[in-house]
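For the first sequence, our numbering gives the first residue as 22, with consecutive numbering after it. Don't be surprised by glycine CBs; every beta carbon is placed ideally from N, CA and C. Have a look at the structure below before the remarks.
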Amino acid sequence: MANDNKLQSIIGHCKEYGFIFQSSEIYDGLSAVYDYGQYGAELKKNIREYWWRSMTQMQDNIVGIDAAIFMHPTVWKASGHVDNFSDPMIDNKDSQKRYRVDHLIEAFGETLDKEKEAALLLVMNQLLEANDFAGLKQLIEDNKISCGVSGTCNWTDVRQFNLMFSTEMGSVADEANVVYLRPETAQGIFVNFLNVQKSGRMKIPFGIAQTGKAFRNEIVARGFIFRMREFEQMEMQFFVRPGTQKEWYEYWKETRMKWHLSLGISADKYKFHDHMKLAHYADMACDIEYDFPMGFKEVEGVHSRTDFDLKQHQQYSGKKLTYFDTEINQHYVPYVIETSIGLDRAVMMVLSEAYVEEDLSTEEKQDSRVVLKFPPMLAPIKLAVLPLTKKDGLPEIAKALIDECKTQFRCFYEEKDSIGKRYRRMDALGTPFCITVDHQTKEDQTVTIRYRDSMLQERIALADVKRLVLEKVQMFGN
RNA sequence: GCGGGAGUAGCUCAGCUGGUAGAGCGACAGCCUUCCAAGCUGUAGGUCGCGGGUUCGAAUCUCGUCUCCCGCUCCA
Numbered sequence: 022m023a024n025d026n027k028l029q030s031i032i033g034h035c036k037e038y039g040f041i042f043q044s045s046e047i048y049d050g051l052s053a054v055y056d057y058g059q060y061g062a063e064l065k066k067n068i069r070e071y072w073w074r075s076m077t078q079m080q081d082n083i084v085g086i087d088a089a090i091f092m093h094p095t096v097w098k099a100s101g102h103v104d105n106f107s108d109p110m111i112d113n114k115d116s117q118k119r120y121r122v123d124h125l126i127e128a129f130g131e132t133l134d135k136e137k138e139a140a141l142l143l144v145m146n147q148l149l150e151a152n153d154f155a156g157l158k159q160l161i162e163d164n165k166i167s168c169g170v171s172g173t174c175n176w177t178d179v180r181q182f183n184l185m186f187s188t189e190m191g192s193v194a195d196e197a198n199v200v201y202l203r204p205e206t207a208q209g210i211f212v213n214f215l216n217v218q219k220s221g222r223m224k225i226p227f228g229i230a231q232t233g234k235a236f237r238n239e240i241v242a243r244g245f246i247f248r249m250r251e252f253e254q255m256e257m258q259f260f261v262r263p264g265t266q267k268e269w270y271e272y273w274k275e276t277r278m279k280w281h282l283s284l285g286i287s288a289d290k291y292k293f294h295d296h297m298k299l300a301h302y303a304d305m306a307c308d309i310e311y312d313f314p315m316g317f318k319e320v321e322g323v324h325s326r327t328d329f330d331l332k333q334h335q336q337y338s339g340k341k342l343t344y345f346d347t348e349i350n351q352h353y354v355p356y357v358i359e360t361s362i363g364l365d366r367a368v369m370m371v372l373s374e375a376y377v378e379e380d381l382s383t384e385e386k387q388d389s390r391v392v393l394k395f396p397p398m399l400a401p402i403k404l405a406v407l408p409l410t411k412k413d414g415l416p417e418i419a420k421a422l423i424d425e426c427k428t429q430f431r432c433f434y435e436e437k438d439s440i441g442k443r444y445r446r447m448d449a450l451g452t453p454f455c456i457t458v459d460h461q462t463k464e465d466q467t468v469t470i471r472y473r474d475s476m477l478q479e480r481i482a483l484a485d486v487k488r489l490v491l492e493k494v495q496m497f498g499n
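Structure representation (C-alpha cells):
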C-alpha cells in the first residue's frame, strides 16, 4: 500500500516539477502516451547517453546505428510479427476472465489423451492459420471448453488484437502501401547486419547497438510510463559463432547486470527471471527485473535469438546473410544474443530509486524534504549557483561562474527566496551540487558547496568548482 | 475489455439536501539580506474534465463520454 502511494507521489512529482506530462493533456490526454518535460527530457537523454557510451564507446567490438522506424512490410512477415504479434482472444462473460484462444484450447488439450489432443491442436492450428474466428469459437463450444473460474461456457466472440500500428505510405491508400510502425527496433539491426559487417569490417563476435522508438498497440497499457504505446528501446544484437551462444548469453546477462549495478542501485533490487516458455525465436531468454513501486517487473531482456531472424530474412529477401569466419574457414549464419532495455522503464527505475521523502524534523520544528538522489551523471541539472543575496555584486560573481561552467554541463541560476528554500527546490529536481556565493567570496575567492544527499556544506575555492563538479558528473571515472 | 475509485486554481483538497466557487501550499512583484522550506505587503490564476438532459437556475441531480489510478486480464 505504501508503495502504491509512492508511485502516486512519483507521478505527481514528475508532473509538478516538469519531468513527465501526459500527452495532449489539454485535450484530456491520450491513453498511455506521455511527454517528457524539461527535466525529464534531460534525465532520459542522460540515461540514453550512458547506455550508448557503455555499449559502444566502452566496447571494442560494438558499433551503433540508427535505423528508420518505417521498414519494408515484408520485414514483419519474416520476423513473425504479422502472424504472431496478434493474438485471438476470448472472454468468459460470467467470470469476465479473458483468455488467449490458443492458450485456452491448449490447456484443455492437456486434459485429453495424446491422440485426441493432437487432433484438437491440429484443427486449432488450421483455424488460427486461416484466421477463422467463428470456427475457433465453434471449436471451443463443440468441446465444451469451460472457464476455469466460472466453470461456464458462456463465451464472447473471438476477437483479434493486432499489436502493430499501421499506416499508408505514399498518396494512394490501398492494401499494397500499408507500412507498420516498428513494434521493436531489433529488425532494423538484422536487415543491416551485412551492411555494417562489411562497411565496418567487423569480425565475429561483434555487436550492433541502437536506440529508438517502437510502437505497440497494447490492449491495456498502464502503469505510468511502464507500458506505453509509444516507447523507446535501447538494444544491442551481438552476433556470434553458432555453438557459442550459451557462453555469450551468460556473458551478456552478467555484463548487463553490472551496468544496472553501476547506477548505484543495490543488487537486491534486481532479479533474473528466466523464461520457461520461450518465444518462437529464442533458445534461452531471461528478464532483468527491478523492484518497482508496484513490484518486480521487467526492465530489460536478454535473449538468445539463435539464427532465427537472419535466416528468416535470408529466406524472405532471397539475399544471403552469411558470414565467412576466417578462423575456421566456414560460412555460416551467425547466432544472436540480444540485450534489450526499455528506456522509459529505465527512466522510471531511476526515478523510483532516486525519489525519497525525508523527515528532517528536530525537537524544535517539523521539517521534511523531497529529494531525487540521482547519480550525478544522470541528473538533469548538475550545478546550481546561488548568490546569498541579490545585491552587493554577488549575482555578478555567480553568473560569471555559470558562464564558466555551462559549456561543460547544465547549470541553474537562482536568486529568489531564502537560501534554504532554494536548496530544497534543487533537491526536488535532483541537482547534486549547489554553490552559494556570499560576501566572503569577495574577500577570499571561496564559496560554499552544498551536497544534495548529505546536505553537508564545505568551503572551497571558487576556482575549483568547475573541476570538482566535472569529476563527479563524468560517466566513466578511473 | 470487465469491476471498483477519482476528475473543482500549478499542487493538496473543501464546497455537492441545486441559487453561476473557497482555503492552505505554490507562482509572480516588492520588502527583509538571511547558509537548509513554511516572515511582511501586494498581484495573478478556475466557463468546477467534456457533452446532453431535468430545472427559472446545475460544481451539486441524471445520462453519456474522455482521462487517470487500483484489481482482473493481456504483455516478444
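Here's the rule: buried if 16 or more other CB atoms are within 10 angstroms of the residue's CB, otherwise exposed. What is residue i?
{"i": "L143", "result": "exposed"}
{"i": "A207", "result": "buried"}
{"i": "R473", "result": "buried"}
{"i": "A99", "result": "buried"}
{"i": "R121", "result": "exposed"}
{"i": "R480", "result": "exposed"}
{"i": "K442", "result": "exposed"}
{"i": "T462", "result": "buried"}
{"i": "E321", "result": "buried"}
{"i": "M190", "result": "exposed"}
{"i": "Y270", "result": "buried"}
{"i": "V179", "result": "buried"}
Just checking my contact of residue i with residue j at CB under 8 angstroms: how many whole Å lie between their CB atoms?
{"i": "V490", "j": "C426", "result": "7 angstroms"}
{"i": "H324", "j": "E275", "result": "H324 to E275, Cβ: 15 angstroms. No contact."}
{"i": "T452", "j": "A400", "result": "6 angstroms"}
{"i": "G244", "j": "M315", "result": "6 angstroms"}
{"i": "F186", "j": "Y201", "result": "7 angstroms"}
{"i": "L133", "j": "L141", "result": "7 angstroms"}
{"i": "V368", "j": "I246", "result": "7 angstroms"}
{"i": "G209", "j": "A88", "result": "3 angstroms"}
{"i": "R262", "j": "I225", "result": "6 angstroms"}
Quick one: give me the first and last residue of the beta strand (DSSP E) that residue i is part of.
{"i": "I362", "result": "Y356 to G363"}
{"i": "V377", "result": "Y376 to D380"}
{"i": "S389", "result": "S389 to L393"}
{"i": "D346", "result": "Y344 to D346"}
{"i": "T327", "result": "G316 to T327"}
{"i": "G39", "result": "First-last for G39: undefined, no H or E at that position."}
{"i": "D163", "result": "Per DSSP, D163 belongs to no beta strand (DSSP E); it is in the alpha helix (DSSP H), F154 to D163."}
{"i": "A235", "result": "F227 to F236"}
{"i": "T457", "result": "F454 to V458"}
{"i": "H296", "result": "Careful: H296 lies outside any beta strand (DSSP E) and carries neither H nor E."}
{"i": "V96", "result": "Per DSSP, V96 belongs to no beta strand (DSSP E); it is in the alpha helix (DSSP H), P94 to A99."}
Is it the case that the Cβ atoms of residue i and residue j are separated by a distance below 9 angstroms?
{"i": "L409", "j": "K487", "result": "no"}
{"i": "N82", "j": "F227", "result": "yes"}
{"i": "Q266", "j": "Y356", "result": "yes"}
{"i": "K318", "j": "R250", "result": "no"}
{"i": "A405", "j": "F454", "result": "yes"}
{"i": "L284", "j": "P396", "result": "yes"}
{"i": "G363", "j": "E253", "result": "yes"}
{"i": "R203", "j": "Q258", "result": "no"}
{"i": "G101", "j": "Q333", "result": "yes"}
{"i": "Q218", "j": "F260", "result": "yes"}
If you follow the alpha helix (DSSP H) that residue i is in, where does it begin and where does it stop?
{"i": "G61", "result": "Q59 to W73"}
{"i": "E492", "result": "V486 to V494"}
{"i": "Q466", "result": "Per DSSP, Q466 belongs to no alpha helix (DSSP H) and is neither H nor E."}
{"i": "R277", "result": "Q266 to L282"}
If you draw a straight line from the C-alpha of residue i to the C-alpha of residue j, how long is it?
{"i": "S373", "j": "S475", "result": "19 angstroms"}
{"i": "T95", "j": "V212", "result": "11 angstroms"}
{"i": "D459", "j": "A449", "result": "23 angstroms"}
{"i": "Q387", "j": "R445", "result": "15 angstroms"}
{"i": "A23", "j": "T383", "result": "Residue placement at A23 is flagged as unreliable, the pLDDT there being 47, under the threshold of 50; the coordinate-derived value follows with that caveat. Cα to Cα, A23 sits roughly 24 angstroms from T383."}
{"i": "C35", "j": "D153", "result": "46 angstroms"}
{"i": "K403", "j": "M110", "result": "49 angstroms"}
{"i": "K3", "j": "E150", "result": "In the structure as shown, the chain starts at 22 and stops at 499, and residue 3 therefore has no counterpart that could be examined."}
{"i": "C307", "j": "E436", "result": "50 angstroms"}
{"i": "Y57", "j": "I41", "result": "5 angstroms"}
{"i": "A484", "j": "Q466", "result": "8 angstroms"}
{"i": "H93", "j": "S44", "result": "29 angstroms"}
{"i": "K65", "j": "K165", "result": "51 angstroms"}
{"i": "A519", "j": "G39", "result": "The structure shown has nothing for residue 519, since the chain only spans 22 to 499."}
{"i": "Q478", "j": "K298", "result": "54 angstroms"}
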